[in-house]
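Engineer: Each protein sequence line maps, in turn, to chains U, S and G. Count along the first sequence starting at 1, add 582, and that's the number in this note's numbering. Count along the second sequence starting at 1, add 444, and that's the number in this note's numbering. Mapping the third sequence onto this note's numbering, position 71 (from 1) lands on 62, and the numbers just tick up by one.
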Amino acid sequence: MNLIIDVLTAGVRGGTSILYAGLGETISERAGVINLGTEGSMLLGALAAYMVAADTGNPWLGVLVGGLLGAMLSLLHALLVVWRGANQFASGLTMLFLALGLTSLFGAAYVGRTITPFEVWAIPVLSDIPFIGPIFFEQNALVYLSYLAVPAVWFLLFRTKWGLLIRTAGERSDALTVNGYHVKRVRIAAVTAGGFLAGVGGAQLSIAYTNSWFENMVAGRGFIAVALVIFASWSPIKVMGGAYLFGAALALGPALQARGVGINQFALHVIPFVLTLVVLAVLGRRTISAAPAELKRVFENGPPTT
Amino acid sequence: MTNVVGAPNESESSTALVPILRVERFTKHFAEVKANTDVSLDVLPGEVHALVGENGAGKSTLLKMIYGVYTPDSGRMLIDDVEVSLGSPAEARNLGIGMVFQDLRLVPALSVTENMALSLDVGAILRPRALAKRIAAASEEYGLAVEPRALVQHLSIGERQRAEILKVLMTGARLVILDEPTSVLAPQEVQALFGVVDRLRSQGFGILIVTHKLNEVRAIADRVTVLRGGVPILEGVKPSDYTDEQLITAMVGHAVPALPVERSAVDADAEHALSLESVSSRGDKGHEALKSISLTVRRGELVGVAGVAGSGQRELCEVATGLRDVTSGTVKIAGLAAATPRKAIDAGAVSVPEDPVADSVVTRLTVLEHMPLDGRPFPRRRWGIDWARIKSKTAESNDRLGLRIAPIGRKLFELSGGNIQRVILTRELSADSTLVVAAYPSRGLDISNVRRTQQVLLDRRAGGAGVLMISEDLDELMAMADRIVVLHDGHLSGEVLPADYDRQHIGRLMLGGVA
Amino acid sequence: MTLTDAPPTAQPEWLSTGKKAAPAVVRWAVAILCALAAFSVIIVFKGASPLEVFGDMWVSTFVRPRSLVEILNTMAPIALAALAVVVPARAGMSNVGGEGQLIVGAIAAAGVALATDQFLPGETVMVLMLLAGIVGGAAWAAIAGMLRLVFQVNEAVSTLLLNFVALDLLLFLIYQPWREDPSGQPTSRELVDTAKLPEISGLGIGIGIVIAVVAAIAVFFVLKYTRWGFKLSVVGGNAEAARRAGLHVPVLILSALLVGGALAGIAGMIQFAGIEYKLRAGFGLQIGYIGFLASWLARHRPLPVLLASFVFAALAVAGDSLQLDAQLPAATVSILTAFILIAVLGFTQKKGAAL
């Protein structure tokens, strides 16, 4: 029993970075733009937050700066894709490369430095609920913030005019132009907002989870987030469930090792990726057919060869 | 035409009224095309003005200028007698001009309410329930039955159109422009639309309806303007003052040869080119698109298929050419089972698809490169393709069919829709075949190419092929088909022989009524 | 209103291509210069001198004679990884899995080699490694292919995820069954000298580059002049049109992916038997992604891919020297790579390509 609670608690904590990135990518893809550079935004966010936290001792400032840097990278992606018509996959990977280079260059000095991370803060009363209590209510502030972020993103997408514009941009952009809105601006805004959230997710990873910085520390979580959004059918609520699922899968390895169970660590590390593939396969055709129409075209059209 | 309520307004008394819209001598020339030259038009409140012309006559350019998408090279526009110069559709909307596009700019995945929220002034936070109430009230007031909470993708075309019109009215339009609204409706739905138009007319709205169908002009329009080649031939005249022939001549500039009525009788003992027995099939969304259809097309026979869009025509064509699986029943072409595209092609079937741009066109490839894509094995030359042979065959087919396709080196993305259609037709109809399945073959073509295409299909019929032709043009079907079958909701709701060819009758079958 | 709303303005073809060629060269030059400028800003930010850095890179890349050899050697797997993207791209698929296919190809080659190199003649081992690389890479791509065919899983997503699985597979092998030194760095045993890929007559250039160039020419020829190549173009342009033309779309898609995977597998084999000689934790890192981007730079055309790969290889070699001479991490050059790509993707392509 304890193992399960431990894994789930670590799963929520570890899945939070994926959750933030997934929420961000949901907004972006709902507008019709897929951002493979999410991984890069998370990296930049992780380093920036770590640097700020280490140099100023203020983790919240770190989160803010992390988000801003993640947003800037995604803004670059958005400009390339929306304004200049570049291919979405190529641009996203280029962003990743840029982030890898930048974080390698500027992060070297911070490997091994310590910071004051976010502390665990148990919410009174709620954390006493059996089973659910320790898992959800004995976490740090960024995790609690993510609980609010999910309904906030839902509200944004489905109950505000902005969200309507974003969804229309992803479904049928000429319906926006006809009403006098600028499709490009809406898409750029959506992708940038997504990058901000991814940056926050990266920040969570470095200053509220591992509490350290090392090269390439995002290790594929950004890509998992992108895949997650697809099989969560672009729904913020489902993204939350999926993020925790993957968080738990990632946490399973270390938890088992700590208990001396000798399962191959590589096999465990592979689980999230294999799991994603399996889920995508099981959901099959339904996944892409539920996609926002403009996004579908990105998937089905493949690369143009002139 | 007993269903149109109310008489048109008397034009004598309307000279006292100020036109909602007046266009004076609009001219718009593009680099190679003189789209509009000296076009003038006005629409009075409480009037229906029809804008008529063939494809390419300049109607859509004129609309775009009225709606603020283009600016005219010269000429002026007045709204309520005040000269305006529009920079954008938003400005047009603010001045009371509402446009219902032919392709209905509604977002299918969103609800009616959400679609309305895009166009109406609703503030930053959406309140779906309040908005739905507003919509219901307006729907009541204008007599346009619309379900606010429904997702647009679940509505029929007629319902979507009503929603779009309602939206236009709710944004304050006083002039409603309808761009070819009836092309996808059955006759009874057209009547329903005209009922709406009539009610709007009596409420004082001005209506500009764009169409190329004369019977509709006669049914609903108070005045008509005919464009041909960008030039107004008839300006704001009363349709009742002109005969059909005069109007057609105005539209096309010359007498249009009628289809040959005399043709060989169908040989009742001829082999079946196509035979469908109790065929059922699923559509792309998993619904039952065809429900136990039994249909035969004999060699030397042309069978027309009528039906409201979405009744199963696409699935019927695909099943007949092996492109879609059947869930029950058998499909035979010339007696051979045809379950795959390859088998159908080997049995002698060719098909002209409904949407060639989506289904047959590879935009990056050239016209020549499309020619071997008829389903037959590529002419080989060592490990490659014998392009020289294909070239000469294409030239020969082009001469024979006379559709004058674009130069073979052109890439398909450079061609217009009509051009693309001609390329596909030339490819598919060049050889003799057992079965020709043609879906909307005249779509996108101007009248002379339509006639040529129709003639080619009749030639194939005379040559012994069975022809299955889907069309939305009842006149075309009635002129060409040896018999007409009607598809409704996946069933064959009836079969009509030439003696009984009648628009009302067929229309009723299209909507599911009993023969 | 179908493809063209406004009437098309026709120009004679020679005029349009002529008009396009001159500004294109100018645009590329400007793009590269902007990338260099942006990179300089970053360098300054870090407190180093851009002139020094560029100087170092220039000297190490173009002045030292050894460098051209290094560039050509580095270029070989990159070019093959890029070709691994080109072939599926022709069929309309985005193969982002070159990374994983390369690794699995290398693992297969290594597996075969480590089992046989101590008692079979070197040439035989090389041939076996090549075949193993082809099979390994193709098999890895086949997983994504089957996922697409049977479950309609988009290949961009699946190949990407499979990259991570391949990485873990590699780590598993060098940490456990194939680990050579239990206490030191986890690597496999090094390849026997006789089985290492030879050089071209004492120039120091490995034959890997020859294989890559031959492959590029072969891909060019096959795509342009064979029936299979034409069919791929049709499928990639409009799969529905291909189906209606009677083409076997699933078979064509799968074959394109398999060929792509095989090419990446060959890259992995060359990386193993011609460059690194053993498997280690950072084996072949990012070659797959660089290949993907090189293919994009070359607009998925087999022959320009060679040029793009050369450029990326030169950048990689320059990066290594940066590490040695300017004490900047080698990954710094990724920044320059990214800026060049941004400049090219954003400002030298025809507008309104894929969105």
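Each residue gets a CB set at the ideal place from its N, CA and C atoms; glycine is no exception.
Would S/Ser532 pass as an interface residue toward chain U - the criterion being a Cβ-Cβ separation below 8 Å?
Structural biologist: Cβ-Cβ to chain U under 8 Å: yes for S/Ser532.
Engineer: Between U/Leu590 and U/Gly715, what straight-line distance do the alpha-carbon atoms span, to the nearest angstrom?
Structural biologist: The alpha-carbon atoms of U/Leu590 and U/Gly715 are separated by roughly 11 Å.
Engineer: Straight-line CA distance for G/Leu161 to G/Val95?
Structural biologist: When rounded, the distance between both Cα atoms is 8 Å.
Engineer: Give the DSSP bridge partners of S/Ala475, in chain order.
Structural biologist: S/Ala475 is not bridged to any residue.
Engineer: Rounding to the nearest angstrom, what Cα-Cα distance links S/Val448 and S/Thr784 in this structure?
Structural biologist: Reliability fails at S/Val448, whose pLDDT of 29 lies under 50, so the model's placement of it is uncertain and the value that follows must be treated cautiously. Cα to Cα, the separation comes out at about 48 Å.
Engineer: Would G/Leu294 be called buried (16 or more neighbouring beta carbons within 10 Å of its own) or exposed?
Structural biologist: So G/Leu294 counts as exposed.
Engineer: Got a sec: is the Cβ-Cβ distance from G/Leu336 to anything in chain U below 8 Å?
Structural biologist: At least one chain U Cβ lies under 8 Å of G/Leu336.
Engineer: Since G/Val250 and G/Val76 should fall inside the 8 Å C-beta cutoff, what is the C-beta to C-beta distance between them, to a whole number of angstroms?
Structural biologist: Rounded, the Cβ-Cβ distance is 11 Å, inconsistent with contact.
Engineer: Can S/Ser600 and S/Val590 be called in contact, C-beta distance under 8 Å?
Structural biologist: No, they are not a contact pair.
Engineer: Tell me the DSSP secondary structure of S/Thr810 in three-state form.
Structural biologist: In this structure, S/Thr810 counts as strand in the three-state DSSP scheme.
Engineer: If you drop the 5 nearest sequence neighbours on each side, which residues of the same chain put their C-beta closer than 8 Å to that of U/Ser709?
Structural biologist: For U/Ser709, where only same-chain residues beyond five positions count, the Cβ hits under 8 Å are Gly715, Pro716, Phe719 and Glu720.
Engineer: Which residue marks the beginning of the alpha helix (DSSP H) containing G/Ser312, and which one marks its end?
Structural biologist: First-last of the alpha helix (DSSP H) with G/Ser312: Pro293 to Ser312.
Engineer: Can you tell me the Cα-Cα spacing of S/Met543 and U/Val821, whole angstroms?
Structural biologist: Each residue's Cα considered, the two are about 39 Å apart.
Engineer: Let me know if G/Leu152 comes out buried or exposed under the rule of 16 or more other beta-carbons within 10 Å of its beta-carbon.
Structural biologist: Buried: at least 16 other Cβ atoms inside 10 Å.
Engineer: Whole angstroms are fine: how far does the CA of G/Phe221 sit from the CA of S/Arg820?
Structural biologist: Rounded to the nearest angstrom, the two C-alpha atoms are 15 Å apart.
Engineer: Tell me where the alpha helix (DSSP H) around S/Ile510 begins and ends.
Structural biologist: Per DSSP, S/Ile510 belongs to the alpha helix (DSSP H) from Lys503 to Ile510.
Engineer: May I ask which residues mark the beginning and end of the alpha helix (DSSP H) holding S/Asn559?
Structural biologist: Per DSSP, S/Asn559 belongs to the alpha helix (DSSP H) from Val556 to Ser563.
Engineer: Closest by CA to G/Gly195, which one among G/Val54, G/Ala209, G/Gly46 and G/Glu61?
Structural biologist: Comparing Cα positions, the closest option is G/Glu61.
Engineer: What residues from chain U crowd round S/Gly567, counting only those whose CB sits closer than 8 Å?
Structural biologist: Neighbours of S/Gly567 on chain U, chain order: Lys743.
Engineer: Rounded to whole angstroms, what is the Cα-Cα separation between G/Pro(-2) and S/Val477?
Structural biologist: Only weak support exists for where G/Pro(-2) lies, its pLDDT of 35 falling under 50; the value from the coordinates is given anyway. Whole-angstrom Cα-Cα distance: 7 Å.
Engineer: Spell out the partners DSSP gives S/Ser719 in its beta bridges.
Structural biologist: S/Thr740 and S/Lys776.
Engineer: With a cut-off of 8 Å, does the C-beta of S/Ala553 fall near any C-beta of chain U?
Structural biologist: Cβ-Cβ to chain U under 8 Å: yes for S/Ala553.
Engineer: Between the C-alpha atoms of G/Ser286 and G/Arg271, what's the straight-line distance to the nearest angstrom?
Structural biologist: Computed Cα separation, rounded: 26 Å.
Engineer: Please go through the same chain and pick out, in chain order, the residues whose beta-carbon is closer than 6 Å to the beta-carbon of S/Leu522, but skip the five residues on each side of it.
Structural biologist: If we look at S/Leu522 and ignore the five residues flanking it on each side, its Cβ neighbours are Arg466.
Engineer: Check whether the Cβ atoms of G/Asp159 and U/Phe805 sit closer than 8 Å, and answer yes or no.
Structural biologist: No.
Engineer: Quick one: is S/Arg389 near chain U, going by C-beta distance under 8 Å?
Structural biologist: Given that chain S is displayed from residue 445 to residue 959, the structure contains no residue 389 of chain S and the question cannot be resolved.
Engineer: Report yes if the CB atom of U/Ala780 is closer than 8 Å to the CB atom of U/Gly644, and no otherwise.
Structural biologist: Going by C-beta atoms, U/Ala780 is not nearer than 8 Å to U/Gly644.
Engineer: Going along the chain, which unbroken runs of the alpha helix (DSSP H) with 4 or more residues stay wholly within the stretch 679 to 730 of chain U?
Structural biologist: Qualifying alpha helix (DSSP H) stretches, in chain order: 714 to 719.
Engineer: Compare the beta carbon distance of U/Gly915 and G/Phe142 with 8 Å and say whether it is the shorter of the two.
Structural biologist: Here chain U has residues from 583 to 888 only, and residue 915 of chain U is not among them.
Engineer: Among G/Ala322, G/Val213, G/Gly273 and G/Val87, whose alpha-carbon lies nearest the alpha-carbon of G/Ala255?
Structural biologist: For the residues G/Ala322, G/Val213, G/Gly273 and G/Val87, the minimum Cα distance to G/Ala255 belongs to G/Val87.
Engineer: What's the gap between the Cα of S/Ile621 and the Cα of S/Ser860?
Structural biologist: Between S/Ile621 and S/Ser860, the C-alpha separation is close to 25 Å.
Engineer: Report the residue from U/Leu862, U/Leu746 and U/His851 whose alpha carbon sits nearest the alpha carbon of U/Gly609.
Structural biologist: Checking the displayed sequence, the identity of residue 609 of chain U turns out to be Ile instead of Gly. Per the Cα distances, U/Leu746.
Engineer: Is there a C-beta anywhere in chain G that falls below 8 Å from the one on S/Pro942?
Structural biologist: Not one chain G Cβ lies under 8 Å of S/Pro942.
Engineer: Is the shortest distance between the beta-carbon of G/Trp49 and the beta-carbons of chain U less than 8 Å?
Structural biologist: No, G/Trp49 lies away from the interface with chain U (no Cβ there is under 8 Å from its Cβ).
Engineer: Does S/Arg786 come within less than 8 Å of chain G when only Cβ atoms are used?
Structural biologist: Yes, its Cβ sits closer than 8 Å to a Cβ of chain G.
Engineer: Closest by CA to G/Ala186, which one among G/Ala101, G/Ala258 and G/Ile165?
Structural biologist: Of G/Ala101, G/Ala258 and G/Ile165, the residue nearest in Cα terms is G/Ala101.
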